[in-house]
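Novice: Per full-length UniProt numbering, numbering through the sequence shown is continuous, rising by one, with the last residue being 634. All residues carry an ideal CB built from backbone N, CA and C; glycine is no exception. Predicted, not measured: the structure shown is a model, and the values here were computed from it. Pasting in a structure now, in structure tokens, and then I'll have a few things to ask.
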Amino acid sequence: MKQLYLFFLLHILPFVLTGPFLSYAGQPTIPDKVDRIPAIRARLDTLTVRDPAYLGEVDLSVGQAPLPELLRSVAQAGGVNLSVRDGANLTVSCNFSRARIDELLLFLCEQYGLDIRVIGNIVSVFPFQAPVAPPPEPSIRFDRADSTLSYDLIAVPLREVARRITDSTGINLIVPQALYDRPISGYIAAMPFAEALGSLAGINKLEITPVKGSGAWMFAEAVPLGGGAQAPAPNYVRRRQFAPSQLSVDSTGRITAMIDRGNVYDIILDVCEQLKLDYFFITPVNAQTSIYLKNTDVKTLFDLLLTGTAYTYYEEGSVYMFGEAKHEGLFSTRIVPMRYRTVDKLPEVIPDNLKKGVQIAAFGDLNSIIASGDQRQVARVEQFLRSIDKTVPLITIEVMIVDASKDVLLEAGLGLGVGTKPIQTSGTLSPGLDMTLGAKAVNSLANKIGLVKLGKVTPNFYANLKAMEQSGTIELRSTPRLSTLNGHEAVLTSGEMQYYKETNNTYMGTQNPVQSTSYVWKSVEANMTLTITPYVSEDGHITMTIDLSQSEFTERTEKEAPPGTTTRSFKSMVRVHNEEMVLLGGIDRQSHEKSSKGLPFIARIPVLKWIFGTHKNNRQERRLNVFIKPAVIE
1 MKQLYLFFLL HILPFVLTGP FLSYAGQPTI PDKVDRIPAI RARLDTLTVR
51 DPAYLGEVDL SVGQAPLPEL LRSVAQAGGV NLSVRDGANL TVSCNFSRAR
101 IDELLLFLCE QYGLDIRVIG NIVSVFPFQA PVAPPPEPSI RFDRADSTLS
151 YDLIAVPLRE VARRITDSTG INLIVPQALY DRPISGYIAA MPFAEALGSL
201 AGINKLEITP VKGSGAWMFA EAVPLGGGAQ APAPNYVRRR QFAPSQLSVD
251 STGRITAMID RGNVYDIILD VCEQLKLDYF FITPVNAQTS IYLKNTDVKT
301 LFDLLLTGTA YTYYEEGSVY MFGEAKHEGL FSTRIVPMRY RTVDKLPEVI
351 PDNLKKGVQI AAFGDLNSII ASGDQRQVAR VEQFLRSIDK TVPLITIEVM
401 IVDASKDVLL EAGLGLGVGT KPIQTSGTLS PGLDMTLGAK AVNSLANKIG
451 LVKLGKVTPN FYANLKAMEQ SGTIELRSTP RLSTLNGHEA VLTSGEMQYY
501 KETNNTYMGT QNPVQSTSYV WKSVEANMTL TITPYVSEDG HITMTIDLSQ
551 SEFTERTEKE APPGTTTRSF KSMVRVHNEE MVLLGGIDRQ SHEKSSKGLP
601 FIARIPVLKW IFGTHKNNRQ ERRLNVFIKP AVIE
């Protein structure tokens, strides 16, 4: 039983698997792409039964290696017979480990579009060629009742076309031998015989003329004009007359079109004749379309008919010009004036897809845009400009800036000491007490009070007596009014400038250097800058982007040093109603200084600390508030 099974595998099975697919050369024929890989697998399975060497394993790692070199290496390593036909010179990159040779061949065929042919134990590898689908059967019909011809042809030899037309109509068509295999294409539905033949010849760059006295027609090659001129354009006779149910025009000039696979040239002719419009074709218009419209005007119909084609049109006076868009005679130039807005930076706003093939320039003298190019594109640009030519709202912004500061200073205490020389009594009694007493004044005051006996103090003795309380409030108000257009910035800047001295020392010479000193005065600014950008929406709300920055000078560390600065800023976006005020605040700065000096332990006793020490309490507050009120001016 095992011997019978082995005999079946070695002798009968290969013929069973390959028999139905073998062509006259013994090679399987692949019916389509879907069956290609299974057929190759079947051939390889048969081959491995015949020659087990194809079940051997190889290791490969190549990058951008030519296919012939790759298969030659596989053949040498596995001891198999592989051949590559011309045309399979592609490069392969792969990394295989312990790959079977038959599976490697199947992988290459699937990934790189290859096919194989097996002869004995020899495998030939070549590019796969898909079977060519047969051309569609030409359709030619002749209606003897009204003598109209219909045809639908795609790359049919002229000899075959003439034979079929002659068989259907009984009219002889003569084809020169040089034009036997000339491919002919065209589509006509129910056109008179002579016009149908003329259209067929014209769209295929041929000529057809009747043969006198015989009733036959003869095809010929179209003869170009002398002097190197181009051949005449095809004779576009009307190939289709549309029924009222397909194309109709009412008494008001409104058009209804329900056309399937109609020629644009035929539709234009029919519409112009029904509307009694003057027209002129600069170049032939030959395009096919399907259109379904109800109750539309003629310009909309023409726009839709020519959309997506290489043709265009424009109206000059009362004449409609049709032809290719690239033809110079169909270029259009228009000046589009702006009534409500400026043309500054307006070309940048136009979308790029509208500007393709159109040259656009701003003409500030007339506040207009000049557009030149294809008439359809120019019309789209003009339509876009008209849609954005609206009054830009003017916004007036009232700003109130309140910068308030409050200072409270309390300083009191008694200081005693001995100086290097006698001190004269000086100071102020009002407002506030700030006195420096000399030795004589101290002795005189001590004798009069008599509460504390200090004795006679030295001449250099002094006493500082200070009792002062100071408070103040400063409020600065600024009420600027800004105006700007919608979407544009309004900027307010106010500040001061100070100068500082910058010294530059230069040493000239090497052995006895001489110092040269120069200086320049440089400036530094401290400004308050307010930037507001308003945006007005259709519901009347105003969205504002507010950016406030305020910087102030501080004291100089040295006389000629640059002053220090402090900065306060915030950025916000708010949305308010028209003429509604908004408050932006919270930029506050507070400082509190509290210090004391005195004798240890005594400076902590409530009464004695004022006699044997000094105390200072300083509080400062700064607050910045901004009130903003926008209003739209109609």
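(1) Of the residues R117, V80, P68, which one's Cα is nearest the Cα of S93?
(2) Does the separation of the CB atoms of E221 and L179 fall below 8 Å?
(3) How about R343 and I369: do their beta carbons lie closer than 8 Å?
(4) Are the Cβ atoms of A561 and T396 separated by less than 8 Å?
(5) Excluding the 5 residues preceding and the 5 following I116 in the sequence, name in chain order all residues of the same chain whose CB lies nearer than 7 Å to its CB.
(6) Since L485 sits in a beta bridge, which residues does DSSP pair it with?
(7) Suppose the cutoff is 8 Å on Cβ atoms and the five residues either side in sequence are ignored; what does the same chain contact list for L47 look like?
(8) Nearest by alpha-carbon distance to L304: which of N295, A310, E315, I291 is it?
(9) Suppose you measure from the CA of S537 to the CA of P393; what does that come to, to the nearest Å?
(10) Tell whether a beta-carbon distance below 8 Å holds between F570 and A526.
(11) F142 and L153 - do their beta-carbons sit closer together than 8 Å?
(12) How would you write the range of the alpha helix (DSSP H) that I101 sits in, first residue to last?
(13) How is the beta strand (DSSP E) around P68 delimited, first residue to last?
(14) Can you name, in chain order, every residue of its own chain whose Cβ lies under 6 Å from the Cβ of Q620, other than the five neighbours on each side?
(15) Between the Cα of T503 and the Cα atoms of D266, R622, L548, W521, which residue gives the shortest distance?
(16) Helix, strand or coil: how does DSSP classify residue 636 here?
(17) Which value, in whole angstroms, describes the spacing of the CA atoms of D389 and Y340?
(18) Among K356, D45, I268, Y279, whose alpha-carbon lies nearest the alpha-carbon of R100?
(19) Who does E525 pair with in a DSSP beta bridge?
(20) Cβ-heavy atom distance between T557 and the ligand NAD below 7 Å?
(21) What are the uninterrupted segments assigned as beta strand (DSSP E) that are 3 or more residues long and contained completely in the segment 556-600, given in chain order?
(22) Tell me the rounded alpha-carbon separation between R380 and Y535.
(23) Please state whether DSSP places E160 in a helix, a strand or coil.
(24) Helix, strand or coil: which one does DSSP assign to Q383?
(25) Could you tell me the alpha carbon to alpha carbon distance between residue 640 and P192, rounded to whole angstroms?
(26) Closest by CA to R261, which one among A201, Q288, D59?
(27) Between the beta-carbon of V576 and the beta-carbon of I542, is there less than 8 Å?
(28) Starting from K406, follow its DSSP beta bridges and name the residues at the other end.
(29) From S516 to R622, what does the alpha carbon distance come to, in whole angstroms?
(30) Could you pull out every residue in the same chain whose Cβ sits closer than 8 Å to the Cβ of I37, ignoring the five residues on either side in sequence?
(31) For S168 and W217, what's the separation of their Cα atoms in angstroms?
(32) Exposed or buried, what is F8 when buried is set at 16 or more other beta-carbons lying within 10 Å of its beta-carbon?
(33) Return the residue from the list P176, S185, L114 that minimises the CA-CA distance to S139.
(34) At the 8 Å Cβ level, is S516 part of the contact set with chain B, yes or no?
Specialist: Based on what the coordinates show:
(1) Of R117, V80, P68, the residue nearest in Cα terms is P68.
(2) Result yes, Cβ atoms of E221 and L179 sit closer than 8 Å.
(3) Before going further, note that residue 343 is Val rather than Arg in the sequence given. Yes.
(4) The answer is no: Cβ separation not under 8 Å.
(5) In the same chain as I116, and ignoring 5 residues on each side of it, the C-beta atoms closer than 7 Å to its own belong to I40, R43, L105, C109, V123, S124, V125, in chain order.
(6) Looking at the DSSP assignment, L485 forms a beta bridge with L394.
(7) So the list reads Y54, D102, V118, N121, V123, once near-sequence residues are dropped.
(8) Ranking N295, A310, E315, I291 by Cα distance to L304 puts I291 first.
(9) Taking the straight line joining both Cα atoms gives about 10 Å.
(10) Going by C-beta atoms, F570 is not nearer than 8 Å to A526.
(11) Cβ distance not < 8 Å, so L153 and F142 don't count as in contact.
(12) I101 -> alpha helix (DSSP H) spans 101-112.
(13) Per DSSP, P68 is not a residue of any beta strand (DSSP E); the alpha helix (DSSP H) it occupies stretches across 67-78.
(14) Here the set comprises D407, S591.
(15) Considering only alpha carbons, the answer is W521.
(16) What the structure shows of the chain is the stretch from 1 to 634, and residue 636 is not part of that stretch, so it cannot be assessed.
(17) D389 and Y340 have their alpha carbons spaced roughly 6 Å apart.
(18) Closest option to R100, Cα to Cα, is D45.
(19) According to DSSP, which records beta bridges pairwise, E525 is partnered with M497.
(20) In the structure on display, the ligand NAD does not appear, and there are no ligands present to speak of.
(21) Entirely contained in the segment 556-600, the beta strand (DSSP E) runs reaching 3 residues are, in chain order, 565-576, 582-598.
(22) Just so you know, the alpha carbons of R380 and Y535 end up roughly 28 Å apart.
(23) Three-state DSSP puts E160 in a helix.
(24) Q383: helix per DSSP, three-state reduction.
(25) Outside the displayed span of the chain (1 to 634) sits residue 640, for which this structure offers no information.
(26) In terms of Cα proximity to R261, the closest of A201, Q288, D59 is Q288.
(27) Yes, these two residues count as a Cβ contact at 8 Å.
(28) Looking at the DSSP assignment, K406 forms a beta bridge with T473, E621.
(29) In this structure, the straight-line span from the alpha carbon of S516 to that of R622 is close to 46 Å.
(30) For I37, the CB contacts under 8 Å within the same chain, skipping 5 residues up- and downstream, are L106, C109, E110 in chain order.
(31) Cα to Cα, S168 sits roughly 15 Å from W217.
(32) Below a pLDDT of 50, predicted positions are generally treated as unreliable, and F8, at 34, falls in that range; no measurement from the model is reported.
(33) If you compare the alpha carbons of P176, S185, L114 with that of S139, the shortest gap goes to S185.
(34) Considering every chain present, this structure includes no chain B. It has just one protein chain.
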